[in-house]
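*Asks:* Chains as they are written, first to last, in this note's numbering: chain D, 514 to 914; chain F, 514 to 914. Built from N, CA and C at the ideal position, the CB exists for glycine as well. This is the structure I have questions about; it appears just below.
2 protein chains.
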Amino acid sequence: MPTAVLPTTLPTTSKSSYAVTTASATFSTKFRHLTFSSSSTPSLRLRSRSRSLLVRAVAIEKEVPEEQRPDSFLRESDGASSTISSSSPSVRARFEKMIRDAQDDVCAALEVVDGAGKFKEDVWSRPGGGGGISRVLQNGAVFEKAGVNVSVVYGVMPPEAYRAAKGASVGNDGDVKPGPVPFFAAGISSVLHPKNPFAPTLHFNYRYFETDAPKDTPGAPRRWWFGGGTDLTPAYIFEEDVKHFHSVQKQACDKFDPTFYPRFKKWCDDYFVIKHRNERRGLGGIFFDDLNDYDQEMLLGFSTECAKSVIPAYIPIVEKRKDIPFTEQQKDWQQLRRGRYVEFNLVYDRGTTFGLKTGGRIESILVSLPLTARWEYNHQLKEGTEEWKLLDACINPKEWI
Amino acid sequence: MPTAVLPTTLPTTSKSSYAVTTASATFSTKFRHLTFSSSSTPSLRLRSRSRSLLVRAVAIEKEVPEEQRPDSFLRESDGASSTISSSSPSVRARFEKMIRDAQDDVCAALEVVDGAGKFKEDVWSRPGGGGGISRVLQNGAVFEKAGVNVSVVYGVMPPEAYRAAKGASVGNDGDVKPGPVPFFAAGISSVLHPKNPFAPTLHFNYRYFETDAPKDTPGAPRRWWFGGGTDLTPAYIFEEDVKHFHSVQKQACDKFDPTFYPRFKKWCDDYFVIKHRNERRGLGGIFFDDLNDYDQEMLLGFSTECAKSVIPAYIPIVEKRKDIPFTEQQKDWQQLRRGRYVEFNLVYDRGTTFGLKTGGRIESILVSLPLTARWEYNHQLKEGTEEWKLLDACINPKEWI
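What follows is the structure, encoded as structure tokens:
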């Protein structure tokens, strides 16, 4: 049994959102069945007998606000004391460098587009290692709310989870009681909600997850996974915008593997479904999770390329749409779609729901919610209208390119 | 194994929200561990190995819109063909009569207070029996959104659920494979969101649940439960309003049992908790679930009294507060609290979350959501302000009377 189970703050659809750390007290007596749920691949699957049991067993290690950004949130043993650079040897260090660069670049580009709003930064750490930087631009000229967060988490997963992940019987041979398996998770996560109903919402998230070889679990190897995605949620369809967005995703994918775009495009369509409405929250993009069946360096390169593609995929669309005049009805429709966004995030998004139920930095988790949203009873659309076309595309995902 | 499991539409915190009907196709092959989750009493406890497994196994029987309200949604065998009256013999029939009267009375009173808005009614039924009436007043003069729904559900629960409920080994003796257990559930559920930030939101819900004696489960008796509650969610505290509201709840309780008010007041404080924020959504009221350890007629009378208390508890408060001038900042604060209401309903409310994940009439389930809501990143309150006082009372529940 782990001595303590603590949540992460990654406000994402991410396995790394299930990351837990160990620096705190013991409250694991009820803890039994945590394994990690992930997306549609079965490699890490939640097998909790009862989620409520799990949630009761998990508690919060309070994050500590920091005055200044540290050079790295890594533990010294991971290379934190040396300057992080893209030539650092560990994937952990290079991934942290990548997401922090991406955060800087995306925030700078968004401030330029917005023209008025500035990002407010909150830096925090956890006593047991790791930490994060939350940046939020609220009520700008162009953006209603834009959040771009990075976080690094050191944690421990229970041996059951590790066995489930490995799919074998490590330490499951009766006498040997394996201990908890240390892991590392890092990610960038962002949701951008513009004010203008013709400018789409964007979400992106890239993450890296790694287990250590636990000392008391002989033969358990170090394992790693990548996950992430970028997807577009407009209230109105400009076909050229959606084509442009998907084209940039495809270009990033095609540099690495021609099967990536079609596979991750479908994965995205399958994941962002508001099941109780039988509709997607938006017009998709790419999504992948638990990716480890490729060369690790290749996947690090691919994640980097995806993160770098956010600006060229999104900024030109916002530039083009941010000042289009709109009616109150069009604003209301955007607000209704924002309500759907809230429904997806609070009901289905695994990172959000797990993060909420287990603790974590709430303000970072819920920065994904729009500033304002709307729910009308039994809202009906007239077939053929622009609003209907959007909804139709959310119900019946299309091949845009 | 049940042949089919279908959801109800009760948008409530209710066991009856977990009601399922049987009129449809077979898709139960994966269905294994459904029992009914209820509130803090253990009499009906969810023991699903995996909620996702359950959810995948449950499908929607589409409700059928009806042109006219039937006199009763009961099956003929339950007395539907006779005129429902308070002298009808079955508790089912009298409970349906009670909730439909309450719906009429509350809607009429709300229309008077509103002065402009009128309720729009949707009547629907299910082929296998049961149905409901949803009434919504949207964008009135006083109410942003007011929903008052009744529904009647016939369903079948798996034998595991029945065993869990009974807490014994009915049909659990090896050879005997008990069949699914038929049940009946009926309830009224309502959420009222006024426009004025000084007029509080009200929620109430009363429900009755009954199992039949299944023919192939020898010795399984008919069982029944009552549940419900009424609670107040203001954005600003007027102490006289909260005292008045709680006093009316206490009066209703005291007519039946002096232990009811303190017990159900605490139950309410314990249930409506937004756990990830360590705060309640509002200032409470009463809440009870799985109540069957009293005389059945007494509990029917108690539920009726509670439903009748809604108007005297709430309408005078709205009358007093609906026209108070307010600032944009006060409206924003109300909208932020509405966001919290959305968080509770979508993340924690058992009826809503289960209803969403298993199907049911989405528009009835989500009518509880406000017309508009707001999320600000890292919103901070100054100690001692009126907003801070409300939040403090949500964090530290008080004895109001």
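(1) Counting Cβ pairs, one atom from each stretch, are 3 or more of them under 8 Å apart for the stretch 874-889 of chain D and the stretch 736-752 of chain D?
(2) Given F/Gly642, which residues of its chain have a CB within under 6 Å of its CB, disregarding the five upstream and five downstream residues?
(3) Of all Cβ atoms in chain D, is any one closer than 8 Å to the Cβ of F/Arg790?
(4) What is the DSSP secondary structure of F/Gly630, counted as helix, strand or coil?
(5) Would you give the residue range spanned by the alpha helix (DSSP H) that D/Phe758 belongs to?
(6) At the level of alpha carbons, what is the spacing between D/Thr516 and D/Lys575?
(7) Who does D/Gln651 pair with in a DSSP beta bridge?
(8) How far does the alpha helix (DSSP H) with F/Ile701 in it reach, from first residue to last?
(9) Quick one: what's got a C-beta closer than 6 Å to F/Glu723's C-beta in the same chain, skipping five residues either side?
(10) Three-state secondary structure (DSSP) at D/Glu889?
(11) Hey, is D/Leu904's beta-carbon within less than 8 Å of any beta-carbon in chain F?
(12) What residues in its chain sit with their C-beta under 8 Å from that of D/Phe804, if we drop five residues either side in the sequence?
(13) DSSP has D/Ile787 in a bridge; who is on the other side?
(14) Could you give the DSSP three-state label for D/Tyr807: helix, strand or coil?
(15) Please list, in chain order, the chain D residues whose beta carbon lies closer than 8 Å to that of F/Ile875.
(16) In whole angstroms, give me the CA-to-CA distance for F/Gly897 and F/Asp905.
(17) Can you tell me the Cα-Cα spacing of D/Asp618 and D/Phe857, whole angstroms?
(18) At 9 Å on the CB atoms, spell out the chain F contacts of D/Thr840, in chain order.
(19) Who are the Cβ neighbours of D/Val636 in its own chain at under 6 Å, not counting the five residues just before and after it?
(20) Can you tell me whether F/Val880 is buried or exposed, with buried defined as 16 or more other CB within 10 angstroms of its CB?
(21) Name, please, each residue of chain D whose Cβ falls closer than 8 Å to the Cβ of F/Tyr784.
(22) In chain F, which residues lie with their C-beta within 8 Å of the C-beta of D/Val649?
(23) If we count the other Cβ atoms within 10 Å of its Cβ and call it buried at 16 or more, is D/Val486 buried or exposed?
(24) Under 8 Å, Cβ to Cβ, is there at least one residue of chain D near F/Lys658?
(25) Give the DSSP bridge partners of F/Arg736, in chain order.
(26) Rounded to the nearest angstrom, what separates D/Gln842 and D/His759 at their Cα positions?
(27) Is DSSP giving D/Asp836 helix, strand or coil here?
(28) If we ignore side chains and look at the alpha-carbon of each, how far apart do F/Val665 and F/Arg639 end up?
(29) Does F/Phe800 come out as helix, strand or coil in the three-state DSSP assignment?
(30) If you measure from the beta carbon of F/Val636 to each beta carbon in chain D, is any gap under 8 Å?
(31) Can you confirm whether F/Thr743, when its beta carbon is compared against all beta carbons of chain D, has any partner nearer than 8 Å?
(32) Classify D/Tyr890: buried if its beta carbon has 16 or more other beta carbons within 10 angstroms, exposed otherwise.
(33) Rounded to a whole number of angstroms, what is the C-alpha to C-alpha distance between F/Phe801 and F/Phe717?
(34) Would you kindly check if the distance between the Cβ of D/Gly630 and the Cβ of D/Phe656 is under 8 Å?
(35) Residues in the same chain with beta-carbon distance under 7 Å from F/Lys768, minus the five sequence neighbours each way, listed in chain order, please.
(36) Which residue from F/Lys610, F/Gly864, F/Gly653, F/Glu609 puts its Cα closest to that of F/Leu623?
*Replies:* The relevant details are as follows:
(1) The stretch 874-889 of chain D is not in contact with the stretch 736-752 of chain D.
(2) The residues are Arg588, Tyr667.
(3) yes
(4) coil
(5) 752-767
(6) Model confidence at D/Thr516 stands at a pLDDT of 26, short of 50, so the residue's coordinates are unreliable; what they give is reported in the following sentence. In a straight line, the C-alpha of D/Thr516 is about 17 Å away from that of D/Lys575.
(7) D/Lys658
(8) Segment 694-707 is the beta strand (DSSP E) holding F/Ile701; no alpha helix (DSSP H) there.
(9) Phe697, Trp737
(10) coil
(11) Taking Cβ atoms only, chain F never reaches closer than 8 Å to D/Leu904, which makes this a no.
(12) The identity of residue 804 of chain D in the sequence shown is Leu, whereas the question assumes Phe. So the list reads Trp738, Phe739, Gly740, Leu812, once near-sequence residues are dropped.
(13) D/Glu792
(14) coil
(15) His789, Arg790
(16) 10 Å
(17) Those two C-alpha atoms are separated by around 28 Å.
(18) Neighbours of D/Thr840 on chain F: none; closest Cβ ~17 Å, over 9 Å.
(19) Scanning its chain for C-beta atoms nearer than 6 Å, with the 5 sequence neighbours on each side dropped, one finds around D/Val636 the residues Glu579, Arg582, Ile646, in chain order.
(20) buried
(21) Within chain D, no residue comes near F/Tyr784; the closest Cβ sits about 14 Å away, beyond 8 Å.
(22) Tyr890, Asn891
(23) Since the first and last residues shown for chain D are 514 and 914, residue 486 of chain D lies out of range.
(24) yes
(25) F/Thr724
(26) 28 Å
(27) coil
(28) Near 10 Å, if we compare the C-alpha coordinates of F/Arg639 and F/Val665.
(29) strand
(30) no
(31) Look at F/Thr743: its C-beta is not under 8 Å from any C-beta on chain D.
(32) buried
(33) 12 Å
(34) yes
(35) Glu818
(36) Taking only the C-alpha atoms, the option nearest F/Leu623 is F/Gly653.
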